[in-house]
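Numbering (full-length UniProt numbering), first residue to last: 1 to 531.
For glycine and all other residues, C-beta sits at the position ideal for the given N, C-alpha and C.
Below, the structure written as structure tokens:
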């Protein structure tokens with residue numbers, strides 16, 4: 001008979017061996033990764049590319065607009081041609097899963113939570129491709145071919161030379177094409193034209209295997225739809241064909257106020273459903289507002305003090321409807337009558353009507369003027385704990401009741417947007433997920449955090465507000481989806497995509513099976529073998 005103490009010794013010996021083996025495995029992985037990363041310069045320098053790699057002074061690639069996550073890459077590729085991107089990704093692909101290397105495409109760095117970063121991996125500086133030629137094509141169905149690293153503001157100016165412009169925009173135009181198309185690209189034109197991903201004819205994409213693929217609805221359609229709104233998971237967009245329309249020269253820019261959310265929402269829903277309506281429709285929430293001059297939308301600032309006072313909430317919760325009507329000088333005589341007719345259908349506070357007239361470019365690039373002012377004061381590169389939600393129409397009143405003026409105590413450190421869009425303008429074949437209703441609202445909380453603040457404008461306070469809002473949505477079963485989503489576990493991503501998760505996984509397996517691309521989204525982790 002074995003002595004009890006012998007069993008105890010054997011048990012502890014087994015535990016010791018198991019733990020030792022585990023430690024050994026971890027050490028082997030660390031050593032292998034260390035060797036891999038130490039060989040990075042020589043490995044990538046051997047590639048035949050037109051651009052170049054940088055291996056130090058890459059701090060810019062560890063920063064983004066959100067200014068909350070800072071992960072330094074091991075290398076940054078500055079490509080001159082698409083083939084540079086393909087060669088780099090193919091090289092990482094051929095190194096296999098054991099390398100642990102990942103690749104992220106970085107546009108203008110406007111990500112919020114490190115989505116365009118690649119910890120100890122390779123970041124591709126997509127703006128290096130921005131010098132490639134843009135090609136505008138006229139005709140019955142005009143379009144423009146652009147490199148994915150090009151800024152939308154530059155595309156606007158190029159297309160205007162031909163009297164044309166893209167149909168759908170974001171509020172801020174100093175973003176790259178590839179960046180917005182990997183998400184959705186939403187602004188006040190989305191109710192009519194859909195997001196930017198609904199206005200693309202063709203893409204050129206580099207997959208996670210390093211393959212360069214041209215795709216559209218007719219050719220390689222699965223990849224085409226997967227990449228649009230795909231958060232960079234299936235390929236890096238390198239070129240896009242964007243739909244255009246005739247561009248107006250001028251804009252009537254209108255703001256009115258409401259004190260009742262139900263009336264505010266009803267008027268918005270009426271406008272996005274009407275055949276004859278405005279060209280741009282967005283709403284803002286004003287809580288405890290002392291003025292509109294301290295956020296990035298302050299370019300619309302009434303010069304008349306009496307008018308400016310109409311846009312101060314002084315502790316109340318007010319709702320501002322922002323509208324535009326595009327026109328050309330030859331139409332000026334009729335545009336005011338048309339606007340008057342449209343406004344007569346609404347139930348805003350009459351004394352709050354404010355109208356200005358600006359150029360089309362001035363309106364579209366309205367955030368830039370505010371950016372320059374904020375940069376001059378050192379207030380642009382602050383943490384931006386933004387939260388963007390899509391709320392079903394049937395739940396928007398419950399949402400407003402629980403959040404506006406309750407969880408949200410003021411909006412002085414950043415705007416809060418709320419406006420509806422039509423689901424019929426969104427293509428459900430793309431990777432983008434929307435609520436399951438014909439109309440849903442974009443609700444965007446866009447604050448900036450003041451460093452070292454302990455008041456209601458510090459980073460931790462604002463993050464806590466975001467959590468309270470998300471917790472409320474979950475407890476109240478509002479069916480909310482995140483736009484520019486941020487999750488930390490795959491279970492959360494699975495819940496986000498719901499029944500579309502399996503398609504998402506299948507596309508990942510087909511186009512990026514080693515999970516090389518876009519690690520900053522935190523959806524998939526690159527598998528790592530040891531030996």
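Best match in the options for proximity to residue i [C-alpha to C-alpha]
i           : options               : result
residue 490 : 479, 327 and 504      : 504
residue 99  : 149, 89, 248 and 324  : 89
residue 280 : 84, 419, 107 and 111  : 419
residue 141 : 103, 183, 378 and 243 : 243
residue 216 : 445, 197, 384 and 286 : 197
residue 171 : 466, 437 and 415      : 415
residue 511 : 234, 455, 284 and 101 : 234
residue 341 : 278, 367 and 230      : 278
residue 456 : 371, 185 and 288      : 288
residue 447 : 381, 190 and 77       : 381
residue 431 : 344, 396, 423 and 224 : 224
residue 167 : 201, 147, 182 and 520 : 201
residue 283 : 376, 479, 156 and 188 : 188
residue 365 : 466, 285, 406 and 155 : 155
residue 393 : 319, 426, 478 and 463 : 478
residue 210 : 186, 57, 436 and 82   : 82
residue 481 : 518, 506 and 395      : 395
residue 222 : 321, 186 and 428      : 428
residue 536 : 46, 273 and 113       : Residue coverage of the chain in this structure runs from 1 to 531, which leaves residue 536 outside it and unanswerable.
residue 514 : 271, 95 and 212       : 95
Three-way DSSP call (helix, strand, coil) for residue i in this model
i           : result
residue 239 : strand
residue 357 : strand
residue 522 : coil
residue 513 : coil
residue 480 : coil
residue 554 : This structure does not reach residue 554, given that the chain is present from 1 up to 531, and the question cannot be answered.
residue 54  : strand
residue 496 : helix
residue 373 : helix
residue 335 : helix
residue 382 : coil
residue 426 : coil
residue 216 : strand
residue 433 : coil
residue 225 : helix
residue 293 : For residue 293, the predicted model reports a pLDDT of 38, less than 50, meaning its position is unreliable and no value from the coordinates is stated.
residue 544 : It is not possible to answer for residue 544, since the shown part of the chain is limited to 1 through 531.
residue 265 : helix
Within 8 angstroms, strictly: CB atoms of residue i and residue j
i           : j           : result
residue 256 : residue 363 : no
residue 501 : residue 523 : no
residue 199 : residue 248 : no
residue 124 : residue 79  : yes
residue 387 : residue 445 : yes
residue 116 : residue 236 : no
residue 449 : residue 470 : no
residue 260 : residue 346 : no
residue 285 : residue 263 : no
residue 60  : residue 53  : no
residue 118 : residue 520 : yes
Sequence-distant residues of its chain with Cβ nearer than 7 angstroms to residue i (five each side left out)
i           : result
residue 476 : 398 and 402
residue 70  : 62 and 63
residue 84  : 49, 50, 51 and 77
residue 179 : 107, 108 and 110
residue 497 : 433 and 504
residue 181 : 196, 197, 200, 228, 237 and 240
8 angstroms CB neighbourhood of residue i in its chain, flanking five on each side removed
i           : result
residue 294 : Any reading at residue 294 must be qualified, since the residue scores a pLDDT of 40, below 50, and its modelled position is unreliable; the value itself is stated next. Cβ within range, chain order: 412 and 413.
residue 516 : 89, 92, 93, 101, 102, 103, 208 and 526
residue 138 : 162 and 164
residue 468 : 407
residue 357 : 250, 251, 252 and 253
Contacting residues, own chain, Cβ-Cβ under 6 angstroms from residue i (five flanking each side not counted)
i           : result
residue 127 : 149
residue 40  : 74 and 75
residue 443 : 389, 391 and 418
residue 438 : 423
residue 254 : 323 and 355
residue 296 : Any answer about residue 296 is weak, because its pLDDT of 44 lies below 50 and its placement is not dependable; what the coordinates show is given next. So the list reads 367 and 370, once near-sequence residues are dropped.
residue 404 : 285 and 317
residue 435 : 390, 392, 479 and 481
Please give me, in chain order, every unbroken run of the alpha helix (DSSP H) with length at least 4 that falls completely inside the stretch 149-190.
Every alpha helix (DSSP H) of 4 residues or more that sits fully in the stretch 149-190 is shown, in chain order, as 152-160 and 177-181.
Extract the residue ranges of the beta strand (DSSP E) inside the stretch 60-121, only unbroken runs of 3 or more that lie entirely within it.
The stretch 60-121 contains these whole beta strand (DSSP E) runs: 75-78 and 103-106.
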